Structure formats: structure tokens, C-alpha cells
Amino acid sequence: MTPAPDAPTAAVTVVGLGADGWAGLPGPSRTALREAEVLIGGPRQLDLLPPECTGQRIAWPSPLRPAVPGLLAAHAGRRVAVLASGDPMFYGIGRALAEETAALRVLPHPSSVSYAAARLGWPLEDVEVVTLVGRPAARLAAALHHGRRLLVLSADATTPGEVAALLRDRGFGPSRMRVLEQLGGDRERTTDESTADDWPGAQPPGDPLNLVAVECRRAPEALRLGAVPGLPDEAYEHDGQLTKRHIRAATLGVLAPAPGELLWDIGGGSGSIAVEWMRTHSSCRAVTVERDPARAERITRNADRLGVPGLRVVTGAAPAVLAELPPPDAVFVGGGLTAPGLLDACWEALPGGGRLVANTVTLESEALLADAHRRHGGELVRLAVAHAVPVGGFTGWRQAMPVTQWAVRKTLDTPSGADR
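If you read the sequence shown in the numbering used here, its first letter stands for residue 624, the second for the next number, and so on.
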């Protein structure tokens, strides 16, 4: 927690710095930098400090995150000031430092997002922020909804072009874009508005310190993807191994993803359950296990296409590979139920309060689920969906194969391996 401004100086002070450099810093931030014995930051940030900041200057090595513990340990007992861009606790170095030391004081500066919202007249509470700093551009796809406003934090000067290309590829070419550079500094600039379709690909990249403002507009012919589970089946590349839309929506409803939780998706097929689990919240995580290499590659493509490139795909057979995975909050078994020991291994892996959901269409697997229901309780249901189709000159119902679903929550007082 950051102490009040009049609190004693902490061992490590994080100072937010804007594009205006030293001139834009308030008194407490300047004092912290003058008094620091060690100054740590990026080369660009260190160059913004005047000679009166006499501390030893150390540029962050690359990769940055693994270096944090060592640098703090090397300078323990000295007054350390760390330079950060804008607000250190908003996609900044403040998070990494807070994970390493409680003796932390944070002196924030307005973030580029705050500056951009002010320049554009966009209320921040109505804007979604997506960072592509150190992250794949594909993650932007999950935020694309017609009429939404996005502020995209750029990795460098090439990011605006990558954003435009992704918008075109995902059916959002009519979206309006502007790039805001060097926000708050003497060289601040905002580009003219353009659509992603018309983005000047031949134009050389601008300043690397930039942010991309996007007003999402979906092309009329583009597939509409909603914000809740149950995306159209056409959104997925698949070979028939796909949990269909209505069953998928019902399954995700029972799995009940919550922010920060981890799902095991066993027998991934096309990856639809894991993909839509992760789309419910940016902090949701998933591991999908698929023994067929071609399907595993297809899952990766679906995850990228639908904006969750962080989905981990493990190629291998369950339950053999499960011991290598981090503990789950929930498990979905969509295939391979007859593999010896699979259900028991999934149950053992669940912590108290964890959920397990398994779907099947075969009698053999249904018998396994009935036995698991007898031993562990939960809910056993049959889901049936019929679609209206032409029958000659009339219309009739075509019944899809019914799906048997077992859903159970492991009670907090149930020891591993114990029956209810």
C-alpha cells in the first residue's frame, strides 16, 4: 500500500514520469529523485533527469521482470528510486515491485490513458483499455464489439499498423482510428482520423511512445460475436469435434467462470469451451489437453482468432499429462471419458470448492457419469436440442444427439479420493 504523502520515505520509491519529463513533476516526486542514492529506469527515462539527481543511474536489463529481485537485493539499505511511465500501478513496473517488497512508496503521474481520454473527450468509465506491451496483438480481438471505444497501449511505433491489420482481419475494417503520440510532452501529436480499412500502410511509423484510440465499427458482412458464452459455431475452425453452441452455453453456465480462475479443458477438440471461458474475463486462464496434434494446432488458431492467445494447449493424452498441470479451479471433460482413471484423476486434482463438468453422448461414458454421480453427488442432466429444418414443403424438427452432463462441486470438507 502506498503511504500518505507525509509518511516516512520508503526503501523504494516509484516515481511516475510523463513525456514532459522533469518539468511536469510535482515537488514530492522531484525531492524523491534528488535524494535517491540509486536511480533505476529505462534509458529514455533516465535521460530526462537533470544533473541535480546525483544518484547512481542503472538502466533496466532485458528481460526486466526477472531482474527485479536481484536489483532490489543488490541495493538493499540504500534509497532507491524507480522511474516509471505515467501511473506505475497501471500496467507499469509498480506491480512487479509491490510483489517483491512491502517497503514501497508510489508517486504517480497521469497515465497516457488519462491524457488520451482528456484529449478525445471520452469518459474513461466507458472505455476499455487493452495493452499490447509485451503481449500479442491477437488479444485485442476479444475486445471488439460494435460501438465500443478502445484505448490500446502500444509496444512501439509498429503497433498502430498491427492494430489496423487485426481490425481488418476480424471484420472491423470500418473502425475509426487515431494515434496519440508523446502525450503531455512538447512533441505531443494526434493523427488525423482514419478507418482501419484506409490506414496508410505505406506511411512510415510515427513516434514509438504512442497510444491507439479505436471506435469499433463492425463490417456488415462480419460475423457478430457476443460477450457471453455461446458464440456461433461458425466462429470456430473445426473438424466436427465441437461442443455445439447451445450445449456450450449451458456448459459454461454450469462451469461458472470467475475472474482469475483456471480451467482444465480435457479433450479440447476445437477448444471452444476453453476459449469462451477465457473470453468471460481478461484474467481467466485455461489449459486445454488434446492428444491429436492437428486438433491442438487448430485450437491455437481458434484462440488467436477469438482474442485469447494466452490459452495454453498441451498435446498429449489424459490422465497421463495432468500431473504436469497447475491445480485447476474447474475441470471440463469433453472427450476421453473412457480413458482408465481419467474422472478419478480430475476429481483428485480439484481443490475444495472446485467444479467438475463432463459431457457425453455415448452409453458407455454415460454409465461412467452415472457411477460418478452415485459416488460424488452433483447433478446429472440430459440436454436435448432440436432445430427446425425443411421437410418437403413444410418444416419439422431435427433432433441432435442428446448430451448427458454431470456437474458437481467438490465440497470444502471433502478430502481427496473420498466419496460423498
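Glycine residues also receive a C-beta, built at the ideal position from the N, C-alpha and C atoms.
This structure is a prediction, so every number in the text was calculated from the model and none was measured.
**OP:** Quick one: using the 10 Å Cβ neighbour count with 16 as the cut-off for buried, is Pro-626 buried or exposed?
**Re:** Residue placement at Pro-626 is poorly supported in this model, since its pLDDT is 46, which falls under 50; the coordinates are not used for a value here.
Subject >> Segments of 4+ residues assigned as alpha helix (DSSP H) that fall wholly inside the stretch 866–940 >> reply: Runs of the alpha helix (DSSP H) inside the stretch 866–940: 868–878, 895–902 and 916–928.
Original post:
What residues match up with Arg-701 in a beta bridge as DSSP calls it?
Top reply: In DSSP, Arg-701 forms no bridge with anything.
Original post:
Are the beta-carbon atoms belonging to Asp-952 and Leu-885 less than 8 Å from one another?
Top reply: Yes, they are a contact pair.
Original post:
Are the Cβ atoms of Leu-965 and Ala-941 separated by less than 8 Å?
Top reply: Yes, they are a contact pair.
Original post:
Would DSSP call Leu-834 helix, strand or coil?
Top reply: Three-state result, Leu-834: strand.
**OP:** Determine the extent of the beta strand (DSSP E) in which Thr-636 is found, giving its start and end residues.
**Re:** If you look at Thr-636, you'll find it in the beta strand (DSSP E) that goes 635–640.
Original post:
Rounded to a whole number of angstroms, what is the C-alpha to C-alpha distance between Lys-867 and Gly-891?
Top reply: Approximately 13 Å between the Cα atoms of the pair.
Original post:
How would you call Leu-671, buried or exposed, if buried means at least 16 neighbouring beta carbons within 10 angstroms?
Top reply: Flag for Leu-671 reads buried.
Original post:
Cα separation between Pro-831 and Glu-857?
Top reply: Using only the alpha carbons, I get a separation of about 37 Å.
**OP:** Decide if the stretch 845–859 is in contact with the stretch 742–755; the criterion is three or more beta carbon pairs, one per stretch, under 8 Å apart.
**Re:** The stretch 845–859 makes no contact with the stretch 742–755, as fewer than three CB pairs between them are under 8 Å.
**OP:** From the DSSP output, read off the bridge partner residues of Thr-1027.
**Re:** According to the DSSP secondary-structure assignment, Thr-1027 is paired through a beta bridge with Thr-983 and Arg-1005.
Subject >> Pick from Leu-948, Gly-700, Ile-922 and Thr-818 that is closest to Arg-791, judged by C-alpha positions >> reply: Looking only at Leu-948, Gly-700, Ile-922 and Thr-818, the smallest Cα-Cα distance to Arg-791 is reached by Thr-818.
Original post:
Is Val-1012 buried or exposed, if buried means 16 or more other CB atoms sit within 10 Å of its CB?
Top reply: By the neighbour-count criterion, in which a residue is buried when 16 or more other Cβ atoms sit within 10 angstroms of its Cβ, Val-1012 is exposed.
Original post:
To the nearest angstrom, how far is it from the Cα of Val-984 to the Cα of Ile-870?
Top reply: Val-984 and Ile-870 have their C-alpha atoms some 12 Å from each other.
**OP:** Could you tell me which of Ser-685, Leu-669 and Ala-642 sits nearest to Gly-678, measuring between CA atoms?
**Re:** The residue with the shortest Cα to Cα distance from Gly-678 is Leu-669.
**OP:** Using three-state DSSP, classify Thr-591 as helix, strand or coil.
**Re:** Because residue 591 is not part of the residues shown, which for the chain are 624 to 1043, the question remains open.
Original post:
Helix, strand or coil: how does DSSP classify Pro-1013 here?
Top reply: Reduced to three states, the DSSP call for Pro-1013 is strand.
**OP:** Measure how close the beta-carbons of Val-1031 and His-999 come, nearest whole angstrom, since I'm counting them as under 8 Å.
**Re:** Contact holds; Cβ gap of about 5 Å.
**OP:** Measure the Cβ-Cβ separation of Thr-814 and Arg-799 and say whether it is below 8 Å.
**Re:** Taking 8 Å as the Cβ cut-off, Thr-814 and Arg-799 do not qualify as a contacting pair.
Original post:
Near Val-956, what residues of its chain come up, given a Cβ to Cβ distance below 6 Å and the 5 sequence neighbours on each side ignored?
Top reply: Hits under 6 Å: Ile-889 and Ala-981.
Original post:
In terms of DSSP beta bridges, what is Gln-679 paired with?
Top reply: Answer is Val-661, bridged to Gln-679.
**OP:** Can you grab the Cα-Cα spacing for the pair Glu-1002 / Gly-770, in whole Å?
**Re:** Roughly 40 Å separates the two Cα atoms.
Subject >> Bridge-paired residues (DSSP) for Ala-707 >> reply: Assignment of beta-bridge partners to Ala-707 by DSSP yields Gly-639.
Subject >> Per DSSP, the bridge partner or partners of Gly-1019 >> reply: Residue pairing from DSSP places Gly-1019 in a beta bridge opposite Val-1012.
**OP:** Could you spell out the range, first to last residue, of the beta strand (DSSP E) harbouring Ala-953?
**Re:** Counting along the chain, the beta strand (DSSP E) containing Ala-953 begins and ends at 953–956.
Original post:
Which of helix, strand or coil does DSSP assign to Leu-648?
Top reply: In the structure shown, Leu-648 sits in coil (DSSP, three-state: anything other than H, G, I, E or B).
**OP:** Return the chain-ordered list of same chain residues with a C-beta closer than 6 Å to the C-beta of Arg-935, the five sequence neighbours on each side being excluded.
**Re:** Contacts found: Val-910.
Original post:
Is it buried or exposed for Leu-640, if we count other Cβ within 10 angstroms and need 16 for buried?
Top reply: Per the 10 Å Cβ criterion, buried.
Original post:
Just the Cα atoms here: how many angstroms apart are Ala-765 and Leu-747?
Top reply: C-alpha of Ala-765 to C-alpha of Leu-747: approximately 19 Å in a straight line.
Subject >> For Val-756, the three-state DSSP class (helix, strand or coil) >> reply: Coil at Val-756, not helix or strand.
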